[in-house]
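Engineer:
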Amino acid sequence: AQSVAQPEDQVNVAEGNPLTVKCTYSVSGNPYLFWYVQYPNRGLQFLLKYITGDNLVKGSYGFEAEFNKSQTSFHLKKPSALVSDSALYFCAVRANPGTASKLTFGTGTRLQVTL
Amino acid sequence: NAGVTQTPKFQVLKTGQSMTLQCAQDMNHNSMYWYRQDPGMGLRLIYYSASEGTTDKGEVPNGYNVSRLNKREFSLRLESAAPSQTSVYFCASSLLPIAGAGDTQYFGPGTRLTVL
Chain A
9 AQSVAQPEDQ VNVAEGNPLT VKCTYSVSGN PYLFWYVQYP NRGLQFLLKY
59 ITGDNLVKGS YGFEAEFNKS QTSFHLKKPS ALVSDSALYF CAVRANPGTA
109 SKLTFGTGTR LQVTL
Chain B
7 NAGVTQTPKF QVLKTGQSMT LQCAQDMNHN SMYWYRQDPG MGLRLIYYSA
57 SEGTTDKGEV PNGYNVSRLN KREFSLRLES AAPSQTSVYF CASSLLPIAG
107 AGDTQYFGPG TRLTVL
């Protein structure tokens with residue numbers, strides 16, 4: 009079985025400071041890893057994914073994530089947070105190979121960026 | 007392109023009533039999915055359709071049925087709604103139907119369902 013853990017329910021950051029949202033995973037074999045963002049009353053929007061290759065993945069809106077196989081982690085990062093980054097962030101994993109695109113999501117981390 | 011659309015946006019049902027949630031995508035994607043989102047539990051897969059003409063159970067299928075009407079449309083039916091089905095329901099789609107691909111899922115805006 010595959011699983012994702014997002015250990016922090018909420019992360020608070022001041023605007024302009026760097027942010028990190030943590031994610032660890034458990035999966036048989038090599039993982040596909042994803043980050044999605046959800047703004048209030050909206051659906052999930054794709055941010056970035058790791059498939060293979062470089063461990064540092066760059067995505068939308070200045071976000072990036074680092075895949076660390078030994079620590080089974082895929083933390084989301086941004087060098088300088090914006091108030092508009094405040095949202096709910098989900099990490100997701102899928103085994104490679106695995107049954108057709110069945111993703112397992114974490115429980116989400118609420119990011120609050122303040123002035 | 008509208009992407010993934012869902013109707014209705016909001017619905018209130020009484021226990022025992024039935025309803026169908028509609029989902030359509032205009033991205034020519036092969037696979038479609040239904041999830042429910044509950045506080046503190048993330049998203050859980052209800053049913054999915056890897057390709058037109060096929061459907062499979064996900065993590066929490068009890069109390070639901072689905073129909074892959076054609077390549078564009080994937081509906082979710084609650085035959086006899088229960089308060090435990092109060093949730094936000096999301097439809098998603100992805101291009102590739104086969105395993106082994108880092109396929110991205112694209113989500114609709116959601117349907118907020120309350121069962122009294």
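Chains as they are written, first to last, in the working numbering: chain A, 9 to 123; chain B, 7 to 122. By construction, the Cβ of each residue, glycine as well, lies at the ideal position given by its N, Cα and C atoms. All values derive from a computational prediction rather than experimental measurement.
1) So, is the C-beta of A:G51 closer than 8 Å to a C-beta in chain B?
2) If we ignore side chains and look at the alpha-carbon of each, how far apart do B:Y112 and A:E23 end up?
3) When you compare each of B:N68, B:L102, B:V121, B:R118 to B:N34 by their alpha carbons, which one comes out closest?
4) Spell out whether any CB of chain A is found under 8 Å from the CB atom of B:F96.
5) Distance cutoff 8 Å, beta carbons only. Does A:K30 sit that close to anything in chain B?
6) Could you check if A:V121 is buried or exposed, using at least 16 other CB atoms within 10 Å of its CB as the buried criterion?
7) Is the beta carbon of A:T115 sitting closer than 8 Å to the one on A:V29?
8) In this structure, how does DSSP classify A:V35 when only helix, strand and coil are distinguished?
9) Does B:P14 get closer than 8 Å to chain A when you measure Cβ to Cβ?
10) Kindly list, in the order they appear in chain B, the residues whose Cβ is closer than 8 Å to that of A:T115.
11) Would you give the residue range spanned by the beta strand (DSSP E) that B:G48 belongs to?
12) Figure out for me which residue from B:L19, B:N7, B:K15 has the closest Cα to the Cα of B:S86.
13) Short of 6 Å in beta carbon distance, which residues of its chain neighbour B:T26, apart from the five on each side in sequence? Order them along the chain.
14) Indicate whether A:F71 and A:Y58 have their beta-carbon atoms separated by less than 8 Å.
15) With a CB to CB cut of under 6 Å and the five nearest residues on each side skipped, what residues in its chain are close to B:L122?
16) Do A:L119 and A:A95 have their beta-carbon atoms positioned less than 8 Å apart in this structure?
17) Would you say B:G22 lies against chain A (beta-carbon separation less than 8 Å)?
Structural biologist: The answer reads as follows:
1) Residue numbering aside, residue 51 of chain A sits at position 43 when the first sequence is read from its first letter. Closer than 8 Å: yes.
2) Taking the first residue of the second sequence as 1, we reach residue 112 of chain B at position 106. Taking the first residue of the first sequence as 1, we reach residue 23 of chain A at position 15. The alpha-carbon atoms of B:Y112 and A:E23 are separated by roughly 29 Å.
3) Residue mapping note: residue 34 of chain B aligns to position 28 of the second sequence, counting from 1. Relative to B:N34, the option among B:N68, B:L102, B:V121, B:R118 whose CA is nearest is B:L102.
4) Locating residue 96 of chain B in the second sequence gives position 90, counting from the first residue. With 8 Å as the cut-off, B:F96 counts as an interface residue toward chain A.
5) As a first step, residue 30 of chain A is located in the first sequence; it is residue number 22 there, counting from the start. Not an interface residue.
6) For the purposes of this step, residue 121 of chain A is taken as residue 113 along the first sequence, with counting starting at 1. A:V121 is buried by the Cβ-count criterion.
7) One-based indexing of the first sequence puts residue 115 of chain A at position 107. One-based indexing of the first sequence puts residue 29 of chain A at position 21. No, the Cβ-Cβ distance between A:T115 and A:V29 is not below 8 Å.
8) Within the first sequence, numbered from 1, the residue matching residue 35 of chain A stands at position 27. Coil at A:V35, not helix or strand.
9) For this step, residue 14 of chain B is matched to residue 8 along the second sequence. The beta carbon of B:P14 sits no closer than 8 Å to any beta carbon of chain A.
10) As a first step, residue 115 of chain A is located in the first sequence; it is residue number 107 there, counting from the start. Chain B residues near A:T115: G46, M47, G48.
11) Mapped onto the second sequence, residue 48 of chain B falls at position 42. Note, B:G48: beta strand (DSSP E), 48 to 55.
12) Indexing the second sequence from 1 puts residue 86 of chain B at position 80. With distances taken between Cα atoms, B:S86 lies closest to B:L19.
13) On the second sequence, position 20 is the one that residue 26 of chain B refers to. The beta carbon of B:T26 lies closer than 6 Å to those of S81, R83 in the same chain, with the five residues before and after it left out.
14) In the first sequence, the residue the question calls residue 71 of chain A occupies position 63. In the first sequence, the residue the question calls residue 58 of chain A occupies position 50. No, the pair does not count as a contact, with Cβ atoms beyond the cut-off.
15) The residue given as residue 122 of chain B occupies position 116 in the second sequence. Here the set comprises K20.
16) For the purposes of this step, residue 95 of chain A is identified with residue 87 of the first sequence, where counting begins at 1. For the purposes of this step, residue 119 of chain A is identified with residue 111 of the first sequence, where counting begins at 1. Inclusion of A:A95 and A:L119 in the CB contact set at 8 Å is warranted, their separation being smaller than that value.
17) Here residue 22 of chain B is taken as the residue at index 16 of the second sequence, counted from 1. Residue-level contact by beta carbon fails for B:G22 and chain A, as no gap is shorter than 8 Å.
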